[in-house]
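Student: Before I ask anything, here is the structure I am working with.
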Amino acid sequence: FSSPAWWKESCIYQIYPASFYSSPSNRSGWGDVKGITSKLDYLRDLGVDIIWLSPIYKSPQVDMGYDISDYKDIDPTYGSLADVDELIAKLKDRNMKLMMDLVVNHTSDQHAWFLDSRSSKTAPKRDWYIWQPPRYDSAGKRQPPNNWAQILGEANSAWTWDEQTQEYFLSLFTPEQPDLNWTNPAVRDAVHGVLRFWLERGVCGFRMDVINLISKTEGFPDADIADSNAPYQPGHAHYANGPELHTYLQEINAKVLSHYDTITVGEMPFVHDSAEIIRVVSAERRELNMIFIFDLVDIDNIPGSFRLTQHPWTPRDLRSIVSRWQTVMQDQGGWNSVFIENHDNPRSLSRYVDDSDEFRERGAKLLALMQTTLSGTLYVYQGEELGMRNLPPSVEPSEYKDIESINFWAKSKRLYPGNEGGKLDEARVTLQRKARDHARTPVQWSGGPNAGFCAPDVTPWMCLNDDFATQNAAGQQAFSTSGELSVWQFWQRALRDRKKHKDVFVYGRFEELDSCEAVFAYRKISAKGDEAFIVVLNFSGDEVEWTVPRGVVVERWVAGNYDAWGPDKATSGRIALKAWEGLLGVVE
Ligand code: TEU
6 FSSPAWWKES CIYQIYPASF YSSPSNRSGW GDVKGITSKL DYLRDLGVDI IWLSPIYKSP
66 QVDMGYDISD YKDIDPTYGS LADVDELIAK LKDRNMKLMM DLVVNHTSDQ HAWFLDSRSS
126 KTAPKRDWYI WQPPRYDSAG KRQPPNNWAQ ILGEANSAWT WDEQTQEYFL SLFTPEQPDL
186 NWTNPAVRDA VHGVLRFWLE RGVCGFRMDV INLISKTEGF PDADIADSNA PYQPGHAHYA
246 NGPELHTYLQ EINAKVLSHY DTITVGEMPF VHDSAEIIRV VSAERRELNM IFIFDLVDID
306 NIPGSFRLTQ HPWTPRDLRS IVSRWQTVMQ DQGGWNSVFI ENHDNPRSLS RYVDDSDEFR
366 ERGAKLLALM QTTLSGTLYV YQGEELGMRN LPPSVEPSEY KDIESINFWA KSKRLYPGNE
426 GGKLDEARVT LQRKARDHAR TPVQWSGGPN AGFCAPDVTP WMCLNDDFAT QNAAGQQAFS
486 TSGELSVWQF WQRALRDRKK HKDVFVYGRF EELDSCEAVF AYRKISAKGD EAFIVVLNFS
546 GDEVEWTVPR GVVVERWVAG NYDAWGPDKA TSGRIALKAW EGLLGVVE
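FYI, the numbering for the sequence shown is 6 to 593, going by the UniProt record's numbering.
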């Protein structure tokens, strides 16, 4: 059981600025900061305390702003520093806060630091990035320094050749995102300066992009061969949670964070070891408040491989992942972040439940019930509160905008031009299921032109989902005479309940109850033991029976996704669950 803190109880809402809201006078088809500011009441009404903005800094937008060319300025697409100051002030008026995305594993290749670094071998900032001479193969052909693959284009090397200075630089994500050399104290100082700049401006903290990749194994050894047909291999073992990670995180804390009242969440892909994770998030080590663990959003990846792969999974896997991390954190003194969506993953509705017209509302509410009753800091991704779903399969691979999908499709066409062995079809399905763009379509504000996302006569930068006429915020916020809550209203109520019973839902002890195949059941109990709830979730489209375990006395059901106000059901013995049904009950 953990001591209370504001950053634990807050509901954090992730905004993907390009697709959130474009203010009416904006003619670009992109969302902007002014647009965000104008929607604060919407967020406050939902129950949001903190907004986290995906990057809005100056950027060539090769990777949608995760390639930053100036950390201390705003990209004109999104507005200006003055707009951000206004946003912070308006948030403050509403008792809300702002978290920024800190992308410091790499910069853009257009950042002044890199322009200097690549200008010559003796440039003052040469050593701010990771440069290596080539290797030569037996045929005398020039090769990159090792076999690591690029993360957002796995057919390519993680190293990019620089003609001018005849060396390779490391670029784990794309060639336009060179990795900073964190072994250089001047780089770390500069990063600390970036944090201070934003904290002084009034932001409350940071989501730290791939922060676990900042320390690489010395000597850059080759990765083990995972796929002998592939030209390059996943190098995770040599850069995920590398040798100096903890030193660097503690340094950030000592030099910067400890001087402010902040919230930090580190993005930590490719790491599953609980002892290592606890090292980062246990309070006494002073590293980060919490991290994003990827097990749930990577549930359908081939283990150890890349994100754009397919791997079968069952509700049992989902259950065991959620249970494992709830338990590890409470038993070992760590702190969870509870999330199931972000801008790098398909929509949770399409992925974990059923996005058909028949079941989408049930499914979205089922996930809301789970998310709002788990211990940890809760993150909601824009549109999740509306049950937004993936783009329809009719969208062609060539229409995806994301660099990862573009590289993946180009590779697939090159390797299987004649759809050999059905492999091109398979790649198409992989994109239909997993492209990052599914989460990047504009937020559906209304059923009007452009879903109310931007001016009616402007073309949005990214196609809208074709279901916006019936699925949109205005419709879901409207009062319904049927008495049934919309997905948005369900989230609003669930977020309120989470706050009201925070001793149980945010801080309480998690205990998995006898779950069977698709049914995930757990009990949450406050530290004092004076309050407890039961949650029963049917992660299947089948009607199933589930038995309330002996020793669990359900007083009454207080909420459900078929009857928001508490279904009239048996409270002991066998209970019948409908397809995708979820229940919340008070336990004695
Ligand atoms: O993502 C890091 C990351 O490794 C994944 O989520 C990644 O997108 C996926 O595994 C690719 O297969 C972060 C950002 O969230 C992402 O948008 C950026 O592209 C990436 O870092 C580089 O900054």
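In this text, a Cβ means the ideal position worked out from N, Cα and C, and glycines have one as well. Keep in mind it's a predicted model, so treat the numbers as computed, not measured.
Decide if S27 is buried, meaning its Cβ has at least 16 other Cβ atoms within 10 Å, or exposed.
Tutor: Counting from one through the sequence shown, the residue named residue 27 turns up at place 22. The residue is buried, with at least 16 neighbouring Cβ atoms inside 10 Å.
Student: To the nearest angstrom, how far is it from the Cα of L262 to the Cα of E289?
Tutor: Here residue 262 refers to the residue found at position 257 of the sequence shown. Here residue 289 refers to the residue found at position 284 of the sequence shown. Taking the straight line joining both Cα atoms gives about 14 Å.
Student: What are the boundary residues of the beta strand (DSSP E) that includes Q19?
Tutor: Residue 19 sits at position 14 when you count from the first residue of the sequence shown. It spans C16 to I20 - the beta strand (DSSP E) in which Q19 sits, taken as one unbroken run.
Student: Which one or two residues does DSSP pair with L372 in a beta bridge?
Tutor: Sequence index remark: in the sequence shown, residue 372 carries index 367 (1-based). Paired residue(s): none; L372 is not in a bridge.
Student: Could you say if the region 376-388 and the region 403-423 meet the contact criterion of at least three C-beta pairs nearer than 8 Å?
Tutor: The region 376-388 vs the region 403-423: no contact.
Student: Just to check, is the beta-carbon of F178 closer than 6 Å to a non-hydrogen atom of the ligand TEU?
Tutor: Locating residue 178 in the sequence shown gives position 173, where the first residue counts as 1. Under cutoff, so the answer is yes.
Student: Which residues mark the beginning and the end of the alpha helix (DSSP H) in which F275 is found?
Tutor: What you label residue 275 is simply residue 270 of the sequence shown in a count that begins at 1. Careful: F275 lies outside any alpha helix (DSSP H) and carries neither H nor E.
Student: Can the beta-carbon of F25 be found closer than 7 Å to that of Q481?
Tutor: Locating residue 25 in the sequence shown gives position 20, where the first residue counts as 1. Locating residue 481 in the sequence shown gives position 476, where the first residue counts as 1. Contact: no.
Student: Under the criterion of a Cβ to heavy atom distance below 6 Å, does Y405 qualify as lining the ligand TEU?
Tutor: Locating residue 405 in the sequence shown gives position 400, counting from the first residue. It does not: the Cβ of Y405 is nowhere closer than 6 Å to a heavy atom of the ligand TEU.
Student: Enumerate in chain order the residues of its own chain whose CB-to-CB distance from L323 is below 8 Å, with the five nearest sequence positions on each side excluded.
Tutor: Counting from one through the sequence shown, the residue named residue 323 turns up at place 318. The answer, listed in chain order, is L301, I304, Y357, F525 and F544.
Student: Within the present structure, is the beta-carbon of R312 separated from the nearest heavy atom of the ligand TEU by less than 6 Å?
Tutor: Along the sequence shown, one-based indexing puts residue 312 at 307. Yes, the Cβ of R312 comes within 6 Å of a heavy atom of the ligand TEU.
Student: Would you list the one or two residues that DSSP bridges to F544?
Tutor: Along the sequence shown, read from residue 1 onward, the residue named residue 544 stands at position 539. Beta-bridge pairing links F544 to no other residue.
Student: Run the CB neighbour count on D266, radius 10 Å, all protein chains shown included, and call it buried at 16 or more, exposed below.
Tutor: If you number the sequence shown from 1, residue 266 lands on position 261. Exposed, since its Cβ has fewer than 16 Cβ neighbours within 10 Å.
Student: Who are the Cβ neighbours of M213 in its own chain at under 6 Å, not counting the five residues just before and after it?
Tutor: Numbered from its first residue, the sequence shown carries residue 213 at position 208. Hits under 6 Å: L107 and G271.
Student: Taking its Cβ as the centre, do 16 or more other Cβ atoms sit within 10 Å of residue 4, making it buried, or is it exposed?
Tutor: Because the chain in this structure spans residues 6 to 593, residue 4 falls outside the shown range and cannot be described.
Student: Does at least one heavy atom of the ligand TEU sit under 6 Å from the Cβ of A524?
Tutor: Position 519 of the sequence shown, counting from 1, holds the residue named residue 524. Going by the sequence as given, residue 524 is Val instead of Ala. No; taking the cut-off as 6 Å, the Cβ of V524 has no heavy atom of the ligand TEU nearer than that.
Student: Please tell me whether, using a cut-off of 6 Å, the distance from the CB of V215 to the nearest non-hydrogen atom of the ligand TEU is below it.
Tutor: Counting from 1 along the sequence shown, the entry for residue 215 is found at position 210. Checking the Cβ of V215 against the ligand TEU gives yes.
Student: With C-beta atoms as the reference, is F225 less than 7 Å away from N341?
Tutor: If you number the sequence shown from 1, residue 225 lands on position 220. If you number the sequence shown from 1, residue 341 lands on position 336. Against a cut-off of 7 Å, the Cβ pair of N341 and F225 comes out as no contact.
Student: With hydrogens ignored, establish whether the beta-carbon of Y244 is closer than 6 Å to any heavy atom of the ligand TEU.
Tutor: The residue given as residue 244 occupies position 239 in the sequence shown. Incorrect: Y244 has no Cβ contact closer than 6 Å to the ligand TEU.
Student: Contact between the region 482-502 and the region 572-587 is defined here as three or more beta-carbon pairs at a separation below 8 Å; is this criterion met?
Tutor: The answer is no - the region 572-587 does not touch the region 482-502, with fewer than three Cβ pairs under 8 Å.
Student: Among residues of its own chain, excluding the 5 on either side of E346, which ones have a beta-carbon nearer than 7 Å to its beta-carbon?
Tutor: Walking along the sequence shown from the start, residue 346 turns up at place 341. Closer than 7 Å at the Cβ level, and outside the excluded window around E346, lie R352, S353, Y386, E389 and A444.
Student: Mapping the DSSP letters down to three states, classify G480 as helix, strand or coil.
Tutor: Here residue 480 refers to the residue found at position 475 when the sequence shown is read from its first residue. Helix at G480.
Student: Would you kindly check if the distance between the Cβ of H111 and the Cβ of D184 is under 7 Å?
Tutor: Position 179 of the sequence shown, counting from 1, holds the residue named residue 184. Position 106 of the sequence shown, counting from 1, holds the residue named residue 111. Cβ distance < 7 Å, so D184 and H111 count as in contact.
Student: Please check the pair residue 623 and P465, which I expect to be a contact at CB under 8 Å, by giving their CB distance rounded to whole angstroms.
Tutor: Limits of the chain in this structure are 6 at one end and 593 at the other, which puts residue 623 out of reach.
Student: Would you mind reading off the limits of the beta strand (DSSP E) that contains E517?
Tutor: Here residue 517 refers to the residue found at position 512 of the sequence shown. Counting along the chain, the beta strand (DSSP E) containing E517 begins and ends at R514 to E517.
Student: According to DSSP, is K77 helix, strand or coil?
Tutor: Here residue 77 refers to the residue found at position 72 when the sequence shown is read from its first residue. Strand at K77.
Student: Does V564 come out as helix, strand or coil in the three-state DSSP assignment?
Tutor: Within the sequence shown, residue 564 is the residue found at index 559, counting from 1. Note that residue 564 corresponds to Ala in the displayed sequence, not to Val. Here A564 sits in strand by DSSP.
Student: Assuming Y76 and Y62 are in contact, meaning their beta carbons sit under 8 Å apart, how far apart are those beta carbons, in whole angstroms?
Tutor: Residue numbering aside, residue 76 sits at position 71 when the sequence shown is read from its first letter. Residue numbering aside, residue 62 sits at position 57 when the sequence shown is read from its first letter. Contact flag correct, Cβ pair sits at about 6 Å.
Student: Look up C521 in the DSSP assignment and give the residues it is bridged to.
Tutor: Residue mapping note: residue 521 aligns to position 516 of the sequence shown, counting from 1. Partner(s): V524.
Student: Name the DSSP bridge partner or partners of G590?
Tutor: Within the sequence shown, numbered from 1, the residue matching residue 590 stands at position 585. I539 and W562.
Student: Can you tell me which of V196, A532, K13 and Q337 puts its alpha carbon nearest to the alpha carbon of S287?
Tutor: Taking the first residue of the sequence shown as 1, we reach residue 287 at position 282. The candidate whose alpha carbon is nearest that of S287 is Q337.
Student: With a Cβ-Cβ cutoff of 7 Å, do P554 and L518 count as a contact?
Tutor: Against the sequence shown, residue 554 aligns to sequence position 549. Against the sequence shown, residue 518 aligns to sequence position 513. Yes; because the gap between Cβ atoms is below 7 Å, this pair is in contact.
Student: Let me check you understand the geometry: is the CB of Y71 closer than 6 Å to at least one non-hydrogen atom of the ligand TEU?
Tutor: As a first step, residue 71 is located in the sequence shown; it is residue number 66 there, counting from the start. True, at least one ligand heavy atom lies under 6 Å from that Cβ.
Student: Rounded to a whole number of angstroms, what is the C-alpha to C-alpha distance between Y513 and R140?
Tutor: For the purposes of this step, residue 513 is taken as residue 508 along the sequence shown, with counting starting at 1. For the purposes of this step, residue 140 is taken as residue 135 along the sequence shown, with counting starting at 1. First, the residue type needs correcting, since residue 513 is Gly and not Tyr in the sequence shown. Roughly 55 Å between the two C-alpha positions.
Student: Do I307 and W330 have their beta-carbon atoms positioned less than 7 Å apart in this structure?
Tutor: If you number the sequence shown from 1, residue 330 lands on position 325. If you number the sequence shown from 1, residue 307 lands on position 302. Against a cut-off of 7 Å, the Cβ pair of I307 and W330 comes out as no contact.
Student: For the alpha helix (DSSP H) holding E256, just list the boundary residues, first then last.
Tutor: Against the sequence shown, residue 256 aligns to sequence position 251. Run containing E256: L250 to K260, per the alpha helix (DSSP H) assignment.
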